[in-house]
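Notes to accompany the following structure.
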Amino acid sequence: MKRKVSKAFVYLGPSAIHGIGCFADRPIRKGEIVRCWDGKDSRWIPLRKAHASPQAALFRRFGIRTQGGYWAPIDFLRISTGWYMNHSAEPNVGSDDGDVTYHALKDIPAGEELTMDYRLMDERHDNLSRDESVPAGDRRTMGARGNARNGNVKRASA
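Plus 34 on top of the position in the sequence shown (first one is 1) and you've got the numbering used here.
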């Protein structure tokens, strides 16, 4: 299905969900592509290398855990706004390519926080449990998306 690319931009702001979140600067219609990721700002790091790194805590906290390692920003000081996207069991943004292309799952008004479902990031690893603000009862595992950001598995913020 061909999707319209939204003219909306994503901005960062204080989140009622957790820390900092991504917000729509103008209305986004259901199905529109939401530009919040730069596919060139992530890298895959093997588990041993990530855990031996001086940035090990950042990999564990912000990286997307996948089989054998993490997908993480190339530079933790220079990352796409999408890395700040918070989790919701009822997200308003999703991906059907298992990568960095996200679209609106519903009409999103200007100023609404954009959220994704962390449980869809990798079928083998729980990328949700790192977010202390999400109740334990919300940690069910769902099917995988699998690769690049999801396998580069999708990036998240938590």
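Every residue, glycine too, gets a C-beta built ideally from N, C-alpha and C. Just so it is clear, the structure is predicted and the values come from calculations on it, not from any experiment.
Got a sec? Which residues, its chain only, sit under 7 Å from residue i by beta carbon, not counting five neighbours each side?
{"i": "GLY116", "result": "CYS56, CYS70, TRP71 and ARG189"}
{"i": "SER49", "result": "GLY55, ASN120 and GLU147"}
Report yes if the C-beta distance between residue i and residue j is below 8 Å; otherwise report no.
{"i": "SER114", "j": "ASP75", "result": "yes"}
{"i": "GLY65", "j": "ALA138", "result": "yes"}
{"i": "VAL127", "j": "VAL68", "result": "yes"}
{"i": "ALA123", "j": "ASP151", "result": "yes"}
DSSP three-state call for residue i: helix, strand or coil?
{"i": "THR100", "result": "strand"}
{"i": "LEU139", "result": "coil"}
{"i": "ALA91", "result": "helix"}
{"i": "ALA144", "result": "coil"}
{"i": "ALA86", "result": "helix"}
{"i": "PHE43", "result": "coil"}
Report the rounded CA-to-CA distance for residue i versus residue j, giving the unit in angstroms.
{"i": "PRO125", "j": "GLY97", "result": "20 Å"}
{"i": "ALA144", "j": "LEU154", "result": "25 Å"}
{"i": "MET119", "j": "ILE108", "result": "17 Å"}
{"i": "ASP141", "j": "ARG99", "result": "30 Å"}
{"i": "GLY73", "j": "LYS83", "result": "22 Å"}
{"i": "SER87", "j": "TRP78", "result": "14 Å"}
Return the chain-ordered list of same chain residues with a C-beta closer than 6 Å to the C-beta of residue i, the five sequence neighbours on each side being excluded.
{"i": "ARG112", "result": "none"}
**OP:** Let me know the alpha helix (DSSP H) ranges lying completely inside the region 45-79, each 4 residues or longer, listed in chain order.
**Re:** Counting whole runs of 4 or more residues, the region 45-79 contains no alpha helix (DSSP H) stretch at all.
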